[in-house]
Amino acid sequence: MPAEVKKEIELEIAHVLFLDIVGYSKLSVNEQHARVEELNEVVRFSGQFRKAEAAGRLLKIPTGDGMALVFYKSPEEPAQCAVEISRALKGNARLQVRMGIHSGPISGVVDVNERTNVAGAGINMAQRVMDCGDAGHILLSHHVAEDLAEYERWRPFLHDIGAFDVKHGVRVSVTNLYSDEVGNPQLPSKLAAVKKQSAHRWAEIAVALLVLGAIVGGTFFFLRRPMRSVSGIVDKSIAVLPFENLSSEKENAYFADGIQNEILTDLAKIADLKVISRTSVTPYRATETRKLGEIAQQLGVAHLVEGSVQRVANRVRVNAQLIDARNDAHLWACH
Numbered sequence: 007m008p009a010e011v012k013k014e015i016e017l018e019i020a021h022v023l024f025l026d027i028v029g030y031s032k033l034s035v036n037e038q039h040a041r042v043e044e045l046n047e048v049v050r051f052s053g054q055f056r057k058a059e060a061a062g063r064l065l066k067i068p069t070g071d072g073m074a075l076v077f078y079k080s081p082e083e084p085a086q087c088a089v090e091i092s093r094a095l096k097g098n099a100r101l102q103v104r105m106g107i108h109s110g111p112i113s114g115v116v117d118v119n120e121r122t123n124v125a126g127a128g129i130n131m132a133q134r135v136m137d138c139g140d141a142g143h144i145l146l147s148h149h150v151a152e153d154l155a156e157y158e159r160w161r162p163f164l165h166d167i168g169a170f171d172v173k174h175g176v177r178v179s180v181t182n183l184y185s186d187e188v189g190n191p192q193l194p195s196k197l198a199a200v201k202k203q204s205a206h207r208w209a210e211i212a213v214a215l216l217v218l219g220a221i222v223g224g225t226f227f228f229l230r231r232p233m234r235s236v237s238g239i240v241d242k243s244i245a246v247l248p249f250e251n252l253s254s255e256k257e258n259a260y261f262a263d264g265i266q267n268e269i270l271t272d273l274a275k276i277a278d279l280k281v282i283s284r285t286s287v288t289p290y291r292a293t294e295t296r297k298l299g300e301i302a303q304q305l306g307v308a309h310l311v312e313g314s315v316q317r318v319a320n321r322v323r324v325n326a327q328l329i330d331a332r333n334d335a336h337l338w339a340c341h
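Counting the sequence shown from 1 gives a position; my numbering is that position plus 6.
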């Protein structure tokens with residue numbers, strides 16, 4: 007091994023291309039060997055690979071189902087190599103590969119058999135970036151994408167696709183490198199699932215906000231009317247009881263609590279309206295034992311809001327009603 011490479015293995019900022027064969031674990035042993043050998047041939051045919059290898063500025067690390075290629079000159083090297091590999095594999099349905107690129111520190115040792123073993127943030131992050139993708143993807147870390155964006159020829163290839171949560175609580179911003187001829191323009195399935203979940207979450211929030219607006223608006227409409235005080239209880243007084251969680255998944259109780267909290271927050275903004283705190287109403291969570299008249303007396307309020315929340319798949323259903331606890335009259339309801 008060249009002396010300069012041995013020295014750099016100790017600690018070096020490197021540009022890492024990590025790649026693996028998609029679906030490798032599902033193949034038979036013979037198929038695995040054949041695919042790895044085919045991938046090795048494709049990689050060795052890359053002009054950028056041969057150039058870096060001839061200059062003694064390349065480390066090749068087999069990983070079983072793929073490899074890590076460590077370059078030292080610039081992030082253009084792994085990017086160019088990835089493009090050449092992708093172009094060579096175009097139309098090859100048998101050999102599906104995904105790739106990830108990151109620049110960062112590496113360190114390692116050379117054993118007695120001259121075998122190289124390296125590790126470090128550069129290797130680990132390149133693998134994490136790769137793991138975000140599907141077959142055909144060439145994904146870049148944010149750092150690499152920024153460096154490549156300095157070169158005009160790379161800019162048309164760079165497409166920011168957002169951030170992923172990866173291993174150990176790390177969040178990685180990823181850029182997809184592709185063109186009409188290389189790479190995979192599709193959004194990685196992992197990120198697509200996250201965005202779909204996020205869209206559903208925002209839809210739920212939108213529904214909840216509409217319901218909250220209706221509840222608060224209805225309450226304000228009824229309580230602004232002049233009423234007589236009975237038994238010393240202030241007319242314009244209200245308590246929002248804990249909303250019942252009707253969802254099959256009990257962990258959705260937090261969503262019901264969130265609805266109650268938002269209603270309390272909005273009602274507290276209405277002038278001259280006495281609103282009982284959430285802490286005071288928490289003991290009345292058990293709906294099967296609620297006696298509204300007694301609860302209102304104990305809390306010293308004339309009105310109560312109670313309701314329920316149910317989440318089924320991607321739909322949210324909120325029911326709420328405003329009750330005059332003095333005569334058990336239902337003044338208003340929202341579904």
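Ideal Cβ positions, reconstructed from N, Cα and C, are used throughout, including at glycine.
Under the criterion of beta carbons closer than 8 Å, residue 150 and residue 103 do not qualify as touching, at roughly 18 Å.
With fewer than 16 other CB atoms across the displayed protein chains lying within 10 angstroms of its CB, residue 162 is exposed. For residue 137, DSSP records no beta bridge to any residue. Per the coordinates, the alpha-carbon of residue 70 lies some 34 Å from the alpha-carbon of residue 157. Per the coordinates, the alpha-carbon of residue 33 lies some 10 Å from the alpha-carbon of residue 40.
Taking the Cα positions, residue 192 is about 41 Å away from residue 269.
Excluding the 5 residues flanking it on each side, residue 106 has same chain C-beta neighbours closer than 6 Å at 24, 132, 135, 136, 145, in chain order. Rounded to whole angstroms, the Cβ separation of residue 282 and residue 311 is 10 Å, and the two are not in contact under 8 Å.
In this structure, the alpha-carbon of residue 244 lies about 18 Å from that of residue 325.
Beta bridge pairing from DSSP links residue 21 with 77, 109. Assignment of residue 249 by DSSP, reduced to helix, strand and coil, places it in the coil class. Non-local C-beta neighbours of residue 153 in its own chain, meaning closer than 6 Å and more than five positions away in sequence, comprise 81, ordered along the chain.
For residue 53, the uninterrupted alpha helix (DSSP H) run begins and ends at 53-60, by DSSP.
With contacts defined by Cβ atoms closer than 8 Å, residue 74 and residue 22 form a contacting pair. In the structure shown, the three-state DSSP call for residue 276 is coil. Residue 323 holds the alpha-carbon nearest to the alpha-carbon of residue 251 among 166, 323, 111. Separation of the CB atoms of residue 138 and residue 84 is rounded to 16 Å, and the pair is thereby denied contact status at 8 Å.
With 16 or more other Cβ atoms from the protein chains shown falling within 10 Å of its own Cβ, residue 329 counts as buried. According to DSSP, residue 145 shares a beta bridge with 106, 182. Bridge pairing for residue 160: absent [DSSP]. Around the Cβ of residue 47, a 10 Å sphere holds fewer than 16 other Cβ atoms; the residue is exposed.
Residue 334 sits close to residue 298, with the two beta carbons spaced by under 8 Å. Distance from the Cα of residue 127 is smallest, within the candidate group 26, 42, 50, 108, for 108. Here residue 90 carries a helix assignment [DSSP, helix/strand/coil]. Straight across, the Cα-Cα distance linking residue 61 with residue 182 is about 29 Å. In terms of Cα proximity to residue 305, the closest of 246, 275, 72 is 246.
The Cβ atoms of residue 143 and residue 189 lie closer than 8 Å to each other. Inclusion of residue 313 and residue 261 in the CB contact set at 8 Å is not warranted, their separation being larger than that value.
Residue 66 carries a strand assignment under DSSP once its states are collapsed to helix, strand and coil.
The alpha-carbon of residue 114 is positioned some 15 Å away from that of residue 63. Looking at 317, 45, 18, the one whose alpha-carbon comes closest to that of residue 88 is 45.
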